[in-house]
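Here the structure is laid out as structure tokens; the discussion comes afterwards.
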Ligand code: ACO
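Numbering (the numbering used here), first residue to last: 9 to 389.
Written out as structure tokens, the structure is:
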């Protein structure tokens, strides 16, 4: 008697592959918690540095721990000359996600502790990446604008320093706050595609830089982190708020995916959207120029039309994309900003995976030709 065909879970949808203590989506209340704390409360009450500490060490820092965390992060921000020269040699057409992927790989090659996968060494590497990635992202945006890099300022917080390195100025605290909220919301989301990628690589006992390099590759795709960039391209393509409904009808009949909508886990709305949308609304009210108003009207019209036509809600990338535009960032910089934040979640998961490792190696149901004999080659080998 032949065994029954295996149940196939395409895309691993609905499959629980391990436990985690880092974050969870509570379906009943549609809320996301980091180490037990609701992300909305963290975004409203805590800095991104405190959230990073929470994800890595399991609890919010006390004042001494926060001071120590900030001192270490600020000291590691500068890039050495070799690294800066390497980036300057990359083609100007190189996507900033490719620059970041190359950067992490390069940091790994340069790190003398590369082979030591101890928790202490991995925490040090995580801090190095947290500190240096914004320096790379900011310098790369300036390079694309034909401008030289601005060195980090150790007197500024994580979010403020990023604006300083991008624009040579720190905007008013309201804007910095909106940015920091986005970093907190993007920091962690359980076994999403890029985090799972990092865990798969880690499960082979490979090193942290390899796991993060692979995670960046996974995040780049438009079905995942690349969607915040794709949202902006889509809004630019539609242009006129009056066109939102017709554009959407055409796109849906062409079976296009509408970027920034839908989610594998949330089917009744992404828990992170209301707080990011409120931050976006504050940015729109603050700008109050005709172009911003037009973009915001289009943004709302498309959201409304999508809900009406398909019943599909926006995900975090939908408000974040437009918010980053209003903060002055170039569209290709949006997904790298996601990396600057998610590096905290990825590295927390790498540590967790290593603490109780099991090789991740699923099975596949074979659907190819039956076993057959190899024909004799026309030309003898
Ligand atoms: N546009 C159009 N249709 C959609 C969308 C969308 N954005 N999302 C889901 N659907 C439709 C599908 O076509 C499908 O319809 P069908 O049953 O008639 O074929 C149905 O909804 C279910 O879709 P699935 O692909 O099964 O849902 P899944 O859970 O696999 O997809 C995903 C989740 C990949 C995020 C999807 O919603 C999508 O492609 N969204 C656009 C990309 C995006 O915004 N990604 C960001 C994710 S969030 C983040 O990374 C922060």
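Here a beta-carbon is modelled for each residue, glycine too, at the ideal position from N, C-alpha and C.
What I want to know is whether the C-beta of residue 1 ends up closer than 7 Å to one or more non-hydrogen atoms of the ligand ACO.
It is not possible to answer for residue 1, since the shown part of the chain is limited to 9 through 389.
* Are the beta-carbon atoms of residue 116 and residue 217 separated by less than 8 Å? -> As a position in the chain shown, residue 116 is number 108, starting the count at 1. As a position in the chain shown, residue 217 is number 209, starting the count at 1. A contact, by the Cβ cut-off of 8 Å.
For residue 105, I'd like the list of residues in its chain whose CB is within less than 7 Å of its CB, leaving aside the five on either flank, ordered along the chain.
Here residue 105 corresponds to residue number 97 of the chain shown, with the count starting at 1. Taken in chain order, the residues that qualify are 224, 228, 343, 344.
| request: Could you give the DSSP three-state label for residue 199: helix, strand or coil? | output: Reading the chain shown from its first residue, position 191 is the one you call residue 199. Coil, per DSSP.
Checklist line | Straight-line Cα distance separating residue 220 from residue 349 | finding: Along the chain shown, one-based indexing puts residue 349 at 341. Along the chain shown, one-based indexing puts residue 220 at 212. For residue 349 and residue 220, the distance between alpha carbons rounds to 13 Å.
*Nearest residue (CA-CA) to residue 164, options 78, 145, 155*: In the chain shown, residue 164 corresponds to position 156, counting from 1. Of the listed residues, the one whose Cα sits closest to residue 164 is 78.
Report task. Output the distance between the C-alpha atoms of residue 31 and residue 355, rounded to the nearest integer angstrom. Result -> Translated into positions along the chain shown, residue 31 becomes position 23. Translated into positions along the chain shown, residue 355 becomes position 347. Cα to Cα, residue 31 sits roughly 13 Å from residue 355.
Looking at C-alpha atoms only, which residue of 298, 287, 252, 23 is the closest neighbour of residue 316?
Position 308 of the chain shown holds residue 316. For residue 316, the closest C-alpha among the options 298, 287, 252, 23 is that of 252.
- Which residue or residues does DSSP assign as beta-bridge partners of residue 41? Taking the chain shown and counting its residues from 1, one reaches residue 41 at position 33. Note: residue 41 sits in a beta bridge opposite 32, 46.
Keeping to the same chain, check which residues put their C-beta closer than 6 Å to that of residue 134; ignore five residues upstream and five downstream.
-> As a working mapping, residue 134 is identified with position 126 in the chain shown. Once the five neighbours on either side are set aside, the close Cβ partners of residue 134 are 355.
Handout entry: For residue 269, the residue or residues it bridges with in DSSP
Key = Here residue 269 refers to the residue found at position 261 when the chain shown is read from its first residue. Paired residues: 322.
Quick one: what does DSSP say residue 130 is sitting in, helix, strand or coil?
One-based indexing of the chain shown puts residue 130 at position 122. Reduced to three states, the DSSP call for residue 130 is helix.
Q: Out of 124, 358, 332, 64, state which residue places its alpha-carbon closest to the alpha-carbon of residue 237.
A: As a first step, residue 237 is located in the chain shown; it is residue number 229 there, counting from the start. For the options 124, 358, 332, 64, the alpha carbon positioned closest to that of residue 237 is the one of 332.
> Are the stretch 205-217 and the stretch 265-280 in contact at 8 Å, needing three or more beta carbon pairs?
Replying inline: Counting C-beta pairs closer than 8 Å gives fewer than three between the stretch 205-217 and the stretch 265-280, which falls short of the contact rule.
- Query: If residue 69 sits next to residue 359, beta carbons under 8 Å apart, how far is it from one beta carbon to the other, in whole angstroms?
  - Reply: For this step, residue 69 is matched to residue 61 along the chain shown. For this step, residue 359 is matched to residue 351 along the chain shown. Not confirmed; about 17 Å, so no contact.
task: Please name the residue in 198, 373, 321 whose C-alpha comes closest to that of residue 12.
output: Taking the chain shown and counting its residues from 1, one reaches residue 12 at position 4. The shortest Cα separation from residue 12 among 198, 373, 321 belongs to 373.
- Can you tell which of 142, 201, 239, 121 has its C-alpha closest to the C-alpha of residue 215? Sequence index remark: in the chain shown, residue 215 carries index 207 (1-based). It is 121.
ask   = If you draw a straight line from the C-alpha of residue 319 to the C-alpha of residue 158, how long is it?
value = Along the chain shown, read from residue 1 onward, the residue named residue 319 stands at position 311. Along the chain shown, read from residue 1 onward, the residue named residue 158 stands at position 150. The straight-line gap from Cα to Cα measures roughly 45 Å.
* Asked: Cβ of residue 240 versus every heavy atom of the ligand ACO: is any distance shorter than 7 Å?
  -> In the chain shown, counting from the first residue as 1, residue 240 sits at position 232. Residue 240 Cβ: outside cutoff for every heavy atom of the ligand ACO.
CB of residue 322 within 8 Å of CB of residue 281, strictly: In the chain shown, the residue the question calls residue 322 occupies position 314. In the chain shown, the residue the question calls residue 281 occupies position 273. Between residue 322 and residue 281, the CB-CB gap stays under 8 Å.
Which stretch, first to last residue, makes up the alpha helix (DSSP H) that contains residue 73? On the chain shown, position 65 is the one that residue 73 refers to. From DSSP, the alpha helix (DSSP H) with residue 73 extends over 71-83.
**Study point:** Local conformation of residue 349 per DSSP, three classes
**Key:** For the purposes of this step, residue 349 is identified with residue 341 of the chain shown, where counting begins at 1. Residue 349 falls in the helix class under three-state DSSP.
Quiz item: Over what stretch of residues does the alpha helix (DSSP H) that includes residue 245 continue unbroken?
Solution: Taking the first residue of the chain shown as 1, we reach residue 245 at position 237. Residues 235-246.
- prompt: For residue 374, which of helix, strand or coil comes out of DSSP?
  reply: To locate residue 374, count along the chain shown from 1; it is residue 366. Residue state, collapsed to three classes: coil.
Exercise. Can you tell which of 375, 368, 383, 340 has the C-alpha that lies nearest to the C-alpha of residue 103?
Worked result: Position 95 of the chain shown, counted from the start, is the residue given in the question as residue 103. Per the Cα distances, 340.
For residue 192 and residue 328, believed in contact at Cβ under 8 Å, the rounded distance: The residue you call residue 328 lines up with position 320 of the chain shown. The residue you call residue 192 lines up with position 184 of the chain shown. Taking a contact as a CB-CB distance under 8 Å, the pair residue 328 and residue 192 does not count as one, their CB atoms being some 12 Å apart.
(message) If we require 4 or more residues per run, which alpha helix (DSSP H) segments fall completely within the stretch 129-186?
(response) The stretch 129-186 contains these whole alpha helix (DSSP H) runs: 166-175.
Check your understanding: Taking the C-alpha atoms as reference points, what is the distance between residue 279 and residue 39?
Key -> Along the chain shown, read from residue 1 onward, the residue named residue 279 stands at position 271. Along the chain shown, read from residue 1 onward, the residue named residue 39 stands at position 31. Residue 279 and residue 39: Cα-Cα distance of roughly 5 Å.
Could you check what DSSP says for residue 10 in three-state terms: helix, strand or coil? By one-based count along the chain shown, residue 10 stands at place 2. Coil, per DSSP.
| Closer than 7 Å: is that where the CB of residue 303 sits relative to any heavy atom of the ligand ACO? | Position 295 of the chain shown, counted from the start, is the residue given in the question as residue 303. In this structure, residue 303 has its CB at a distance of at least 7 Å from all heavy atoms of the ligand ACO.
Between residue 176 and residue 74, what straight-line distance do the alpha-carbon atoms span, to the nearest angstrom? Taking the first residue of the chain shown as 1, we reach residue 176 at position 168. Taking the first residue of the chain shown as 1, we reach residue 74 at position 66. Using only the alpha carbons, I get a separation of about 26 Å.
>> Can you list, in chain order, the residues of its chain with a C-beta nearer than 6 Å to that of residue 226? Leave out the 5 residues immediately preceding and following it.
In response: The residue labelled residue 226 in the question sits at position 218 within the chain shown. Taken in chain order, the residues that qualify are 201, 202, 205.
Task: Euclidean distance between Cα positions of residue 369 and residue 108 - done: Looking up residue 369 in the chain shown gives position 361. Looking up residue 108 in the chain shown gives position 100. Rounded to whole angstroms, residue 369 and residue 108 show a C-alpha spacing of 27 Å.
In whole angstroms, give me the CA-to-CA distance for residue 167 and residue 250.
Start at 1 with the first residue of the chain shown, and residue 167 comes out as number 159. Start at 1 with the first residue of the chain shown, and residue 250 comes out as number 242. If I take the Cα positions, the gap works out to 36 Å.
Option in 153, 29, 222, 295 with minimal Cα separation from residue 347:
Here the question's residue 347 lines up with position 339 in the chain shown. It is 222.
Between which residues of its own chain and residue 230 is the CB-CB distance below 6 Å, once the five residues before and five after are set aside?
To locate residue 230, count along the chain shown from 1; it is residue 222. Residues 238 of the same chain have their beta carbon placed closer than 6 Å to that of residue 230, with the five preceding and five following residues left out of the count.
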